[in-house]
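Chains as they are written, first to last, in UniProt numbering: chain U, 1 to 243; chain A, 1 to 230.
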Amino acid sequence: MADGNCLIANDWICGEYVRTRGQELTDATLQHIGITLASVAIGLLVAFPLALLARRWRAVAGPVLASTTILYTIPSLAMFSLLVPVFGLSAAVVVTGLVLYSLTILVRNILAGLASVPREAREAARGMGYGPVRLLFGVELPLALPAMMAGLRIATVSTVSLTTVGAIIGYGGLGNLVYEGMRSYFKAQVLTASVLCVVLAVVADLALLLVQRLLTPWARPKRRTTSRGPAARGAGRPEKAVA
Amino acid sequence: MGVVERTWDWLTTAAHWSGTDGVWHRLGEHLFLTVVCLLVSCAIALPVAVVLGHLGKGGALAVNIANVGRAVPTFAVLVLLLLSPLGTHGSWPTVIALVLFAIPPLLTNAYVGMREVDRDMVEAARGMGMTGVQVVARVELPLAFPLIVTGVRSAAVQVVATTTLAALPGGGGLGRIITAGFRLTDTAQVVAGALLVAVLALLVEGAFVLAQRFLDPMRGHVTSVQDRLA
Chain U
1 MADGNCLIAN DWICGEYVRT RGQELTDATL QHIGITLASV AIGLLVAFPL ALLARRWRAV
61 AGPVLASTTI LYTIPSLAMF SLLVPVFGLS AAVVVTGLVL YSLTILVRNI LAGLASVPRE
121 AREAARGMGY GPVRLLFGVE LPLALPAMMA GLRIATVSTV SLTTVGAIIG YGGLGNLVYE
181 GMRSYFKAQV LTASVLCVVL AVVADLALLL VQRLLTPWAR PKRRTTSRGP AARGAGRPEK
241 AVA
Chain A
1 MGVVERTWDW LTTAAHWSGT DGVWHRLGEH LFLTVVCLLV SCAIALPVAV VLGHLGKGGA
61 LAVNIANVGR AVPTFAVLVL LLLSPLGTHG SWPTVIALVL FAIPPLLTNA YVGMREVDRD
121 MVEAARGMGM TGVQVVARVE LPLAFPLIVT GVRSAAVQVV ATTTLAALPG GGGLGRIITA
181 GFRLTDTAQV VAGALLVAVL ALLVEGAFVL AQRFLDPMRG HVTSVQDRLA
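Here it is as structure tokens:
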């Protein structure tokens, strides 16, 4: 009984809300995860060739970095609004906007990762007869992985958070619940959805950290001291990551 | 008529620029909120970062606050503040959210800037008999200046973006043109509002890039000093 009252009293924390609207919360969370996954995956697929092109040709690097920075400056609400005439009111608006945002972080960090590969490792691989493709996938990418994963973690966490703004067109995952809750002054809904959103960001970050550890077993003894390093760097100032 | 033409029509209609819902008034609100909140957050974050950076303490705080700032959705915080008891006090929820989200980039960049000052230079300054305050004012701050301005720049862009979002819970600013456009299902107005916001954000960013280039106190000095030390 006491639990039922919290809905009427419009309390911030309400177990009854979570029990009765479990399905709604699950759907919103799944939409949130779907939008985030799609955005980050497409972001990676686009950022990777862009970073390789920027590394190969100096002339490409400037415009690529400048245009991704400009995209990053555009506020999320404006970005989604500008994409509405292109895609209509669909999830594609939100995913495209989030992909464009993730490019800034991903391209810079992939470039920084590739730049951090020791020259000796590259020379040794060439001396062993590695061609450019095998050099890239067999030597450079594994060595660039820590910096790239740092970028991927930052991009994923920001994407989880920015997805909420998609609520303006009805594709904001948990943001939809925040938006509805705002209109109806439903405190439990707003707080529950907000907390879930932060939990989602933290879980995604930890999952990626785990993936990184599994992918780079050779770095494990050193990880303890350096794992925060690249992330912290990228965090404070992506501008400098490439320098 | 295509969206582009209709957007152009919207932007060139004089009536859309005047009045309380007009562009000029909304732009004024946007700029006012941006400037006030940026100043308040600088006043809070920069002294803390400079002191912590000078003492070399609180590095974990500086890093973690940036991570927290990224993970917490701005929109959710705006709505939470609106529904809190503060929500009845006009634009206070917006102001608080703006300041909260401007602090992480300011704090992190200024802290990193202070820490990255060459320790040899600080030692040399101390050896010359400078006091702590003198070291901060004459050595560390000028050398940390580029990163401090980078932080202010990120914070300014962040504030412009957050002010736009504040229109969703009913705050002022240019975002209101977008939200009103969605309510009226007027795509031209949505796009026009979005263009205005995007241009404002880019102008703010551009202004800071220029300021960074021309106001750096170490402009043209850094290399010579480093050469002499090396």
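C-beta: ideal position from N, C-alpha, C; glycine also.
A/T164 vs U/P75 beta-carbon contact at 8 Å: yes
U/W12 burial status per 10 Å Cβ neighbour count (16 or more: buried): exposed
Alpha helix (DSSP H) segments (min. 4 residues) lying fully within the stretch 11-57 of chain A: 23-55
Buried or exposed (CB count within 10 angstroms, at least 16 for buried), U/A241: With a pLDDT of only 32 at U/A241, under 50, the local geometry of the prediction cannot be trusted, and no value is derived from it.
Test: A/L169 CB closer than 8 Å to a CB of chain U: It is worth fixing the name first, because residue 169 of chain A is Pro in this sequence and not Leu. Yes, its Cβ sits closer than 8 Å to a Cβ of chain U.
Supposed contact pair U/A54 and U/L111 - C-beta distance, whole angstroms, cut 8 Å: 6 Å
Distance between A/V139 and U/S67 (C-alpha atoms, nearest Å): 35 Å
DSSP three-state assignment for U/A47, whether helix, strand or coil: helix
Cβ neighbours of A/G58 in the same chain (closer than 8 Å, five flanking residues each side left out): L52, Y111
Limits of the alpha helix (DSSP H) - the one that U/L136 falls within: Per DSSP, U/L136 belongs to no alpha helix (DSSP H) and is neither H nor E.
Delimiting residues of the alpha helix (DSSP H) encompassing U/C197: 187-215
Near-chain A residues of the stretch 150-183 of chain U - C-beta to any C-beta below 9 Å: I154, V157, S158, V160, S161, L162, T163, T164, V165, A167, I168, I169, G172, L174, G175, V178, Y179, G181, M182
Meets three-Cβ-pair contact criterion under 8 Å: the stretch 86-101 of chain A and the stretch 28-43 of chain A: yes
Buried versus exposed, by CB contacts within 10 Å (16 or more), U/R21: buried
Nearest candidate by alpha-carbon position, reference U/L136, set U/P118, U/R153, U/N176: U/P118
Buried or exposed (CB count within 10 angstroms, at least 16 for buried), A/R213: exposed
Chain A contact residues for U/I70, given Cβ-Cβ distances below 7 Å: L202
Residues of its chain near U/C6, where Cβ-Cβ distance is below 8 Å and the 5 sequence neighbours each way are ignored: I13, C14, G15, E16, Y17, A188
Residue interval of the alpha helix (DSSP H) (run including A/T94): 92-115
Expected contact under 8 Å - CB spacing of A/R6 and A/A137 to nearest Å: Actually they are not in contact, since the Cβ atoms of A/R6 and A/A137 sit about 55 Å apart, beyond 8 Å.
Alpha carbon of U/L145 to alpha carbon of U/L114, nearest angstrom: 9 Å
Enclosing alpha helix (DSSP H) for U/N10 [first to last residue]: Looking at the DSSP string, U/N10 is not in any alpha helix (DSSP H), and its letter there is neither H nor E.
Length of the line joining the Cα atoms of U/R183 and U/R213: 43 Å
Buried or exposed by the 16-neighbour rule on C-beta atoms within 10 Å, applied to U/S39: buried
Three-state secondary structure assigned by DSSP to A/D186: coil
Per-residue DSSP class, three states only, for U/I169: helix
Close Cβ partners of U/A155 (< 7 Å) along its chain, the five nearest in sequence each way excluded: V40, G43, S102, I105, L106
The stretch 24-36 of chain U contacting the stretch 159-179 of chain U, beta-carbon criterion three pairs below 8 Å: yes
First through last residue of the alpha helix (DSSP H) which encompasses U/E123: 119-127
As assigned by DSSP and simplified to three states, the class of U/D27: helix
Inter-stretch contact at 8 Å, needing at least 3 Cβ pairs: the stretch 159-174 of chain A / the stretch 122-131 of chain A: no
Beta-carbon proximity check, A/R126 vs A/E205, cutoff 8 Å: no
Check whether U/A125 and A/A198 have beta carbons under 8 Å apart: no
Buried or exposed (CB count within 10 angstroms, at least 16 for buried), A/H89: exposed
Neighbour-count burial assignment, U/I8, 16 or more Cβ in a 10 Å radius: exposed
Within 7 Å of chain A by C-beta, residues of the stretch 63-95 of chain U in sequence order: I70, T73, I74, P75, S76, L77, A78, S81, L82, V84, P85
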